[in-house]
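To start, the structure under review is shown below, and the notes come after it.
Residue numbers (the working numbering), protein chains in the order written: chain A, 1 to 168; chain B, 1 to 168; chain C, 1 to 168; chain D, 1 to 168.
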């Protein structure tokens with residue numbers, strides 16, 4: 001009851017991003033990602049609403065992990081009730097910039113235009129992005145895919161561990 | 001280890017605001033507020049940096065509570081290491097609007113211009129503000145002090161309980 | 001018709017802030033401020049809505065000046081139609097931070113909590129604030145009024161000119 | 001000198017987005033877009049910095065148009081000096097959300113990750129996006145390109161006129 005909760009400051013913060021209206025495979029993948037991130041000692045960041053966000057929070061909670069949802073609206077109504085904490089920003093879609101900014105790495109699961117904006121903002125900020133069945137990005141002069149592709153949640157976590165181990 | 005952390009969504013979120021360079025009484029008051037908020041089952045929101053913010057997080061942590069820091073910068077450097085979670089927003093002073101928005105009530109301890117902006121934003125948003133040794137606000141046509149004044153941390157918590165009990 | 005509009009980049013940007021529901025003297029003062037700022041070659045920044053904001057834009061427009069309104073909402077509905085340009089930010093009250101940030105000096109006319117937040121944010125950012133019949137700010141350890149007080153619009157402009165002349 | 005500048009509130013606001021380090025064709029296209037938007041009576045919105053942003057502002061200015069730059073930083077340093085007005089937001093990359101939000105339509109010229117984020121945010125907000133040599137977006141279940149493709153600046157303006165005429 002009065003056991004201090006350890007600070008998560010030095011743990012990796014990892015965002016799981018995806019649509020609020022999601023497909024079955026997206027929900028199952030997000031839940032598994034949330035669970036695995038918790039097991040790896042990562043803090044889960046997400047947009048705090050339904051679909052992929054809720055599934056990731058549910059998986060994280062089931063494995064005893066800490067999660068934080070960054071909400072677009074003025075209050076916590078509509079937030080996933082699996083989140084450890086939920087922040088009502090009142091910033092609308094611009095809260096996507098906070099999801100990208102506050103994470104050390106981003107994992108995209110499927111997703112629509114909002115997810116695409118978070119991918120792009122993360123890449124602009126130099127934050128690595130891992131993608132599962134998410135947007136393909138093409139440009140004439142782009143030789144390499146800027147997104148690290150993964151096939152499964154476990155595959156994504158393996159690539160994340162590899163990324164984090166190479167950070168100083 | 002794998003005990004699910006309960007969602008805090010339905011608990012009151014209470015911001016403790018004040019200066020990063022704070023006086024002794026401000027630090028002692030903020031720490032006591034953090035402790036008492038944790039005991040009351042509230043989630044502590046703060047600006048995430050030093051001084052009053054750090055002291056509140058320390059008190060909250062000591063009592064087993066959950067706290068979240070909303071940081072102005074692009075990363076978690078400089079954040080209080082007593083926070084449960086810390087969100088790097090990259091929004092500079094505009095993060096004060098998130099501190100005010102995400103809280104159901106605000107308790108100001110002393111404070112400088114940043115604190116004053118959070119008090120004003122909270123009042124603008126209709127969020128109640130309790131103050132300990134903080135800004136006096138005067139305007140010709142203002143009959144009532146918009147800030148509920150408290151003398152001690154325990155007094156502030158009593159006033160907070162009264163406010164929260166009157167919410168539906 | 002195709003006369004290039006000169007860039008305003010090197011002109012002073014001055015915010016006039018105040019309530020959307022304003023008193024007669026506030027409206028008259030704001031309009032005179034808008035007119036005088038235009039005559040001085042300043043760009044008027046404001047919150048873009050009614051009351052003091054609209055009056056300042058009207059005065060600025062009448063004197064051939066350039067004004068910009070920083071709106072809280074998702075579109076330009078409700079904006080003063082005297083503005084040269086209006087920016088829909090979608091940031092709600094957090095747009096107050098942009099009003100403060102984008103101005104080289106701030107002139108407050110009366111005002112409510114939103115105005116108080118802009119005063120506080122400007123002071124926090126180190127931006128000088130001139131006040132006409134606006135908030136009195138008190139704190140135990142505060143010897144000097146952080147707001148430069150003026151009695152009339154012309155008085156405020158004289159103090160502004162003095163401030164701007166002392167900038168390098 | 002004291003001719004009132006007409007409000008632009010009821011004119012279309014159109015964002016031209018693209019990289020600050022741009023190729024020759026991107027700069028030439030952006031300048032032509034700025035010129036044509038001015039001729040069409042549109043207000044140019046952009047990110048306010050160099051490259052495509054500066055070129056669009058230059059073209060707009062040459063044709064007597066009104067432009068506004070939404071800057072990421074805390075001041076106007078580094079802003080294009082062809083802009084009618086420049087707003088220092090202090091919001092970093094999150095200013096991209098304001099560029100997208102404040103525009104009635106967006107025209108993307110080439111561009112990197114920042115441009116991609118503005119495209120995605122605009123699409124999320126329901127704002128139409130016209131693209132010239134910009135990002136290709138792919139997703140398994142996406143049948144139609146969400147970006148209206150154009151080959152030249154004049155082609156983009158024709159498509160824009162078509163879009164705007166269909167608005168009520």
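Ideal Cβ placement from N, Cα and C applies to all residues, glycine included.
Here residue 8 (chain D) really is in contact with residue 66 (chain D); their C-beta atoms are around 6 Å apart, less than 8 Å.
Nearest to residue 106 (chain C) by C-alpha distance, out of C:21, C:64, C:164 and C:91, is C:164. The CB of residue 79 (chain B) comes closer than 7 Å to the CB of 9 in chain A, given here in chain order. Proximity of chain C to residue 94 (chain A) at the Cβ level (cut-off 7 Å) is accounted for by 90 and 91, in chain order. Nearest neighbour of residue 91 (chain D) by Cα position, chosen from C:85, C:146, C:100 and C:86, turns out to be C:100.
Neighbourhood of residue 140 (chain A) in chain D, by CB distance below 8 Å: 133, in chain order.
Counting only the Cα atoms, residue 48 (chain D) lies some 5 Å from residue 71 (chain D).
Here residue 84 (chain C) really is in contact with residue 5 (chain D); their C-beta atoms are around 5 Å apart, less than 8 Å. Proximity to residue 148 (chain A) across A:161, A:32 and A:140 peaks at A:161, based on C-alpha coordinates. Segment contact: the segment 115 to 124 of chain A against the segment 11 to 18 of chain A, three or more CB-CB distances shorter than 8 Å; contact assigned.
Rounded to whole angstroms, the Cβ separation of residue 59 (chain C) and residue 34 (chain C) is 3 Å, and the two are in contact under 8 Å. For the segment 102 to 119 of chain A, the residues whose beta carbon sits under 7 Å from a beta carbon of chain B are, in order, 102.
Residue 12 (chain D) is not a Cβ neighbour of residue 52 (chain D), given a cutoff of 9 Å. Residues of chain A with a Cβ closer than 7 Å to the Cβ of residue 121 (chain D) are, in chain order, 93 and 117. Here DSSP, grouped into helix, strand and coil, assigns residue 149 (chain C) to strand. The DSSP-derived three-state label of residue 44 (chain C) is strand. Taking C-alpha positions only, residue 29 (chain A) is separated from residue 134 (chain A) by approximately 12 Å.
In chain order, 121 place their CB closer than 7 Å to the CB of residue 97 (chain D), counting only its own chain and leaving out the 5 sequence neighbours on each side. A residue is called buried once 16 or more other Cβ atoms fall within 10 Å of its Cβ, and residue 82 (chain B) is buried on that count.
A distance below 9 Å separates the beta carbons of residue 119 (chain A) and residue 111 (chain A).
With its beta carbon less than 9 Å from one in chain B, residue 74 (chain D) belongs to the interface. Rounded to the nearest whole angstrom, the CA to CA distance from residue 64 (chain C) to residue 10 (chain C) is 18 Å.
Residue 25 (chain A) and residue 156 (chain A) have their C-alpha atoms some 15 Å from each other. Assigned with DSSP and collapsed to three states, residue 55 (chain C) falls in helix. Per DSSP, the continuous beta strand (DSSP E) segment holding residue 136 (chain B) begins and ends at 136 to 138. Collapsing the DSSP output to three states places residue 69 (chain D) in a strand.
In this structure residue 104 (chain D) is not in contact with residue 88 (chain D), their Cβ atoms being roughly 23 Å apart against a cut-off of 8 Å.
Residue contact with chain B for residue 125 (chain A): present (Cβ-Cβ distance below 9 Å to some residue of chain B).
Looking at C:141, C:95, C:86 and C:125, the one whose alpha-carbon comes closest to that of residue 124 (chain B) is C:95. Not flagged as an interface residue toward chain A: residue 128 (chain B), since no C-beta distance is shorter than 9 Å. Neighbours of residue 97 (chain B) across chain C, judged by C-beta separation under 7 Å: 93, 94 and 97. Within the same chain, and ignoring the five residues on either side of residue 86 (chain A) in sequence, the residues whose Cβ sits closer than 7 Å to its Cβ are 48, 69, 71, 76 and 79. Taking 9 Å as the cut-off, the Cβ atoms of residue 138 (chain B) and residue 138 (chain C) count as close.
Positions of the alpha helix (DSSP H) runs, each at least 4 residues long and wholly inside the segment 66 to 143 of chain A, are given as 95 to 102 and 113 to 125 in order along the chain.
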